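**Student:** Counting in numbering that gives the first Met the number 0, the sequence shown runs from 0 upward without gaps.
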Amino acid sequence: MAIVFVDTKGLGIPPLRGHTLVQYAGSLVGRDFRGILQVAPQVLQGLLPDEAYEAWLALCRLAPLIFQPKIEDRGTYMRHLREGIDDFLAATALWSTQWFNKPKFHLFLHLPLHIERFGPPLLYATEGFESYNFLIRLRSIHSNRHAPSSDIGEAFSFLHAVRHLVSGGFVDVEDSKTHVRTHRQAGEGVRVLIHDAVFRHLMGMDGILNMENTDRAPLLRKDPRVQWRETRSAGVGYTVAGVMPETSMLQSVGVYLSNGDLLRQGGYALYQRSDRVHCGRVEEILVHPDTFAVRLLLAHATIGGVAAAPYRFPTVQHSGTFALMAAKART
């Protein structure tokens with residue numbers, strides 16, 4: 000199936016398994032749909048009637064607005080959200096009006112009001128609470144059934160208190176004599192437990208903390224060493240303080256950023272320069288062998304406002320200019 004061959008490296012999701020998605024199509028969860036929506040335009044093109052394909056494209060444009068974890072400008076966001084909802088409902092109506100027999104389509108009209116009152120829907124989505132069903136049942140086993148809600152609440156309160164302490168959180172402690180309140184933190188022997196994979200799993204912290212990439216080094220080439228004057232960064236005229244033309248550098252094909260994302264050569268990244276966010280393609284990744292400082296050569300690109308057919312994606316145009324940026328990477 001076409002979905003199996005889609006490159007998902009830049010999407011932050013594992014490769015999609017087409018056979019599994021088809022076999023369990025009736026029991027997919029929100030995480031599965033988010034992955035499908037990110038690849039749907041290029042997978043479904045040519046496989047569906049034009050009306051159905053346009054409805055999918057409208058849904059793909061609407062989904063990023065719904066799954067925003069933070070709203071910077073509420074006025075602009077709400078305007079784009081309402082326009083996205085209107086486009087999706089109109090495209091769906093042109094496809095088939097039978098879709099509107101499903102009550103969930105009506106909920107789209109209430110979404111702007113819910114967001115204005117409760118904030119980004121990603122923070123109160125029901126999928127996040129459905130995962131607690133197993134944990135709630137597990138806690139209720141140790142309840143005497145006289146006040147199960149209270150027992151379950153106390154168990155979760157204790158769980159969150161432990162998670163707070165091992166994560167390095169502070170607690171207010173009041174001196175019984177001076178009544179002065181101070182902030183205290185758990186000792187190193189307690190906080191070191193967060194590096195134990197079994198403990199994190201028992202505390203339900205696997206989905207909160209990603210400790211897997213903590214010590215991952217850059218992905219070096221087979222013959223990584225190269226002098227600075229032979230690099231592409233030097234070829235376009237860049238120099239780095241403390242780096243001489245004969246200084247040996249390590250060429251990398253990928254590097255793990257401080258947030259755990261894997262940035263690969265040839266991929267695209269957003270970077271901030273002069274208080275503005277830019278888009279660039281990673282042309283070269285260089286690592287200093289002594290300081291492990293990471294330098295990225297980015298080819299500046301501009302994102303156009305006109306969507307390109309047939310996928311309706313924004314156009315990306317390369318300006319021919321470059322930027323050499325220092326990256327906060329895990330080494």
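Glycine included, every Cβ here is placed at the ideal spot set by N, Cα and C. Since this is a predicted model, take the numbers as computed values, not measurements.
Taking all protein chains shown into account, do 16 or more other C-beta atoms lie within 10 angstroms of the C-beta of Met-248, making it buried, or fewer, making it exposed?
**Tutor:** Within the sequence shown, the letter at position 249 stands for residue 248. It counts as buried.
**Student:** When the Cα of Val-225 is compared with those of Ser-251, Gly-241, His-200 and Met-202, which residue comes out closest?
**Tutor:** Locating residue 225 in the sequence shown gives position 226, counting from the first residue. When each option's Cα is compared against that of Val-225, the closest is Ser-251.
**Student:** Quick one: Cα of Gln-22 to Cα of Val-191, how far?
**Tutor:** Here residue 22 corresponds to residue number 23 of the sequence shown, with the count starting at 1. Here residue 191 corresponds to residue number 192 of the sequence shown, with the count starting at 1. Taking the straight line joining both Cα atoms gives about 42 Å.
**Student:** Can you check whether the CB of Leu-80 is closer than 7 Å to the CB of Leu-93?
**Tutor:** Looking up residue 93 in the sequence shown gives position 94. Looking up residue 80 in the sequence shown gives position 81. Cβ distance not < 7 Å, so Leu-93 and Leu-80 don't count as in contact.
**Student:** Report the partner residues of Gly-253 according to the DSSP bridge assignment.
**Tutor:** By one-based count along the sequence shown, residue 253 stands at place 254. BP columns for Gly-253 point to Leu-218 and Arg-263.
**Student:** Hey, would you say Val-170 sits closer than 7 Å to Arg-180, going by beta carbons?
**Tutor:** Translated into the one-based positions of the sequence shown, residue 170 becomes position 171. Translated into the one-based positions of the sequence shown, residue 180 becomes position 181. In this structure, Arg-180 does not lie closer than 7 Å to Val-170 by Cβ.
**Student:** With distance defined between alpha-carbon atoms, name the residue in Ile-114, Phe-321 and Asp-289 nearest to Tyr-270.
**Tutor:** Counted from its first residue, the sequence shown places residue 270 at position 271. Considering only alpha carbons, the answer is Phe-321.
**Student:** Could you check what DSSP says for Leu-110 in three-state terms: helix, strand or coil?
**Tutor:** Residue 110 sits at position 111 when you count from the first residue of the sequence shown. It is helical.
**Student:** What do you reckon, are the CB atoms on Val-242 and Val-293 nearer than 7 Å?
**Tutor:** Position 243 of the sequence shown, counted from the first residue, corresponds to residue 242. Position 294 of the sequence shown, counted from the first residue, corresponds to residue 293. Not a contact, by the Cβ cut-off of 7 Å.
**Student:** Locate the alpha helix (DSSP H) running through Glu-71, then write down its first and last residues.
**Tutor:** Position 72 of the sequence shown, counted from the first residue, corresponds to residue 71. Looking at the DSSP string, Glu-71 is not in any alpha helix (DSSP H), and its letter there is neither H nor E.
**Student:** Between the region 6-18 and the region 31-46, do three or more beta carbon pairs fall short of 8 Å?
**Tutor:** Segments in contact, yes.
**Student:** Between Leu-256, Glu-245, Ala-298 and Asn-258, which lies nearest to Gly-265 when the distance is taken from Cα to Cα?
**Tutor:** Taking the first residue of the sequence shown as position 1, residue 265 is located at position 266. It is Ala-298.
**Student:** Identify which residue in Pro-119, Arg-272 and Leu-323 has its Cα closest to the Cα of Gly-234.
**Tutor:** Along the sequence shown, read from residue 1 onward, the residue named residue 234 stands at position 235. The candidate whose alpha carbon is nearest that of Gly-234 is Leu-323.
**Student:** Which residues mark the beginning and the end of the alpha helix (DSSP H) in which Ile-65 is found?
**Tutor:** Counted from its first residue, the sequence shown places residue 65 at position 66. Element bounds for Ile-65: 49-65.
**Student:** Take Ile-2 and list the residues in its own chain whose beta-carbon comes closer than 6 Å to its own, dropping the five residues that flank it on each side.
**Tutor:** Counting from one through the sequence shown, the residue named residue 2 turns up at place 3. If we look at Ile-2 and ignore the five residues flanking it on each side, its Cβ neighbours are Leu-15, Gly-17 and Val-42.
**Student:** If we ignore side chains and look at the alpha-carbon of each, how far apart do Thr-301 and Val-197 end up?
**Tutor:** Counted from its first residue, the sequence shown places residue 301 at position 302. Counted from its first residue, the sequence shown places residue 197 at position 198. Cα-Cα distance, rounded: 45 Å.
**Student:** What residues match up with Leu-164 in a beta bridge as DSSP calls it?
**Tutor:** As a first step, residue 164 is located in the sequence shown; it is residue number 165 there, counting from the start. Partner(s): none; Leu-164 has no beta bridge.
**Student:** Pull up the distance between the alpha-carbon of Asp-86 and that of Ala-57, whole angstroms please.
**Tutor:** Stepping through the sequence shown from its first residue, residue 86 is reached at position 87. Stepping through the sequence shown from its first residue, residue 57 is reached at position 58. Approximately 6 Å, taken between the alpha carbons.
**Student:** With distances taken between CB atoms, is the gap from Ala-326 to Leu-296 smaller than 7 Å?
**Tutor:** On the sequence shown, residue 326 is found 327 positions in, with the first residue counted as 1. On the sequence shown, residue 296 is found 297 positions in, with the first residue counted as 1. No, these two residues do not count as a Cβ contact at 7 Å.
**Student:** Within 10 angstroms of its Cβ, does Leu-106 collect 16 or more other Cβ (buried), or is it exposed?
**Tutor:** Residue numbering aside, residue 106 sits at position 107 when the sequence shown is read from its first letter. So Leu-106 counts as exposed.
**Student:** Put Met-77 into one of helix, strand or coil per three-state DSSP.
**Tutor:** Counted from its first residue, the sequence shown places residue 77 at position 78. In the structure shown, Met-77 sits in a helix (DSSP, three-state: H, G or I).
**Student:** From Val-38 to His-163, what distance separates their C-alpha atoms?
**Tutor:** Taking the sequence shown and counting its residues from 1, one reaches residue 38 at position 39. Taking the sequence shown and counting its residues from 1, one reaches residue 163 at position 164. Near 37 Å, if we compare the C-alpha coordinates of His-163 and Val-38.
**Student:** In the region 277-328, which residue ranges form an unbroken beta strand (DSSP E) of at least 3 residues, counting only runs that do not cross its ends?
**Tutor:** Here the runs fully enclosed are 293-307 and 312-326.
**Student:** Distance, Cα to Cα, Ser-273 vs Tyr-310?
**Tutor:** To locate residue 273, count along the sequence shown from 1; it is residue 274. To locate residue 310, count along the sequence shown from 1; it is residue 311. Approximately 32 Å, taken between the alpha carbons.
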